[in-house]
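For reference, the structure discussed in these notes is given below.
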Amino acid sequence: METLSDQASAKILDNPMGTDGFEFVEYAAPDPELLRGLFERMGFPEVARHRSKDVTLHKQGDINFLINAEHDSFAQEFARRHGPCACAMAFRVKDARHAYERA
């Protein structure tokens with residue numbers, strides 16, 4: 265016999281969008297160099313830079329961190345007002361078309 269808690273657990277574990285992890289988490293800080301140093305010490309070396317913006321990619325395995333240091337960006341404005349933050353993230357999905365249609 266299924267209990268209410270079993271039903272609630274199944275609902276919590278339901279994954280209708282088919283999410284499959286994070287593609288990246290984007291960070292900003294009032295002093296991006298401090299954040300870059302922290303990521304380096306945590307084993308996330310800088311592996312790429314955006315062609316025209318002050319955005320860097322730091323990678324460890326399949327984990328991707330971005331640092332947005334673009335001076336006039338929303339991310340930097342937010343960081344100057346509130347401190348270091350995770351300002352954006354992207355989810356991996358198993359089927360992009362399905363996730364888009366479901367959204």
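Under my numbering, the residues of the sequence shown are numbered 265 to 367, in order. Virtual Cβ for every residue (Gly too), placed ideally from N, Cα, C. Please read these numbers as outputs of a predicted model, since none were measured by experiment.
Are the Cβ atoms of residue i and residue j separated by less than 8 angstroms?
i, j, result
"residue 333", "residue 324", "no"
Would DSSP call residue i helix, strand or coil?
i, result
"residue 303", "helix"
"residue 293", "coil"
"residue 341", "helix"
"residue 367", "coil"
Quick one: is residue i buried, meaning 16 or more other Cβ sit within 10 Å of its Cβ, or exposed?
i, result
"residue 283", "exposed"
"residue 330", "buried"
"residue 296", "buried"
What does residue i pair with, by DSSP beta-bridge criteria?
i, result
"residue 313", "320"
"residue 332", "319"
"residue 349", "292"
Does the count of Cβ pairs from the stretch 282-290 and the stretch 342-358 closer than 8 angstroms reach three? yes
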